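S.K.: First the structure, then my questions, so here it is.
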Amino acid sequence: MKKYIFKLLPLLTFALSFLFVLLPVNSFSKPDIIKVVFQVNDKDHKIIESGFKNLKNMLETAKNEKQELLINVVVFGLSMKYFTKDSPENFSDVLSKYTTDKNIKFLACNNTMKQMKLTKDNLLTGFSVVPSGAWEVIKLQKQGYQYFKP
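Now the structure itself:
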C-alpha cells in the first residue's frame, strides 16, 4: 500500500501544481483599484453640479461593492470661477465633503489661473495646482485612469 502512495504522490503533486497554473491570477490578488479622472471645464453651473452628483453616486456604489476608487477632479477653463473663494456661486459646501477623502484629489490648472490672475490662495481649500489641466487629464489617462466628463 505504501508503495502505491509513494508512486501516486509525484503524480498528485504535478496535477495540483498544474491546477494552480490554470487558475486566474485575480483569484489570489486584491481587486483592481478603479481610477477615474473627472474633467471639469464647463461654464454651466448646473452641469458641474450634476458632475458632483455623479461623483457622490460613484463613491456610494464603489463602497457598496467594496471596490477601491481613486478620483482626480481636474478643474480648468471656464469652470475655474466656481472654485474660487470670492465667487458667490462657488462649490465650497460640496468640496468640503470630499477634501478629507484621501482617495479624491482636486487639481487646478495653473494656465487658467494665470489667465484669470488667480493664485492658489484664491482657490477653495483642498486644491493642488498642476501646470496644465488638459495635459493632466491626458497624463492620468495614460496612467490607466478612466475618463469622465459630466
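Residues in the sequence shown are numbered consecutively from 1, following the working numbering. Glycine is no exception: its CB is placed at the ideal position from the N, C-alpha and C atoms. Predicted, not measured: the structure shown is a model, and the values here were computed from it.
#1: Of all the alpha helix (DSSP H) runs that stay within the bounds of the region 27-93, which reach a length of 4 or more residues?
#2: According to the Cβ coordinates, are Leu55 and Lys85 closer than 8 Å?
#3: When DSSP builds the beta bridges, which residues end up paired with Val129?
#4: Take Gly126 and list the residues in its own chain whose beta-carbon comes closer than 7 Å to its own, dropping the five residues that flank it on each side.
#5: Whole angstroms is fine: what's the gap from Trp151's alpha carbon to Asn110's?
#6: Less than 8 Å between the beta carbons of Leu78 and Asn41, yes or no?
#7: Of the choices Lys53, Lys139, Phe83, Lys149, whose alpha-carbon is the least far from that of Lys160?
#8: Run the CB neighbour count on Ser29, radius 10 Å, all protein chains shown included, and call it buried at 16 or more, exposed below.
#9: Helix, strand or coil for Tyr98, going by three-state DSSP, please let me know.
M.R.: With the given structure in hand:
#1: 45-64
#2: no
#3: Ala108
#4: Leu95, Thr99, Phe106
#5: This structure gives no information on residue 151, because the portion of the chain shown stretches from 1 to 150.
#6: yes
#7: What is shown of the chain runs 1 to 150, which leaves residue 160 out entirely.
#8: Model confidence at Ser29 stands at a pLDDT of 49, short of 50, so the residue's coordinates are unreliable; what they give is reported in the following sentence. Ser29 sits exposed, since fewer than 16 C-beta atoms from the chains shown fall within 10 Å of its C-beta.
#9: Looking at Tyr98 - three-state DSSP - the assignment turns out to be helix.
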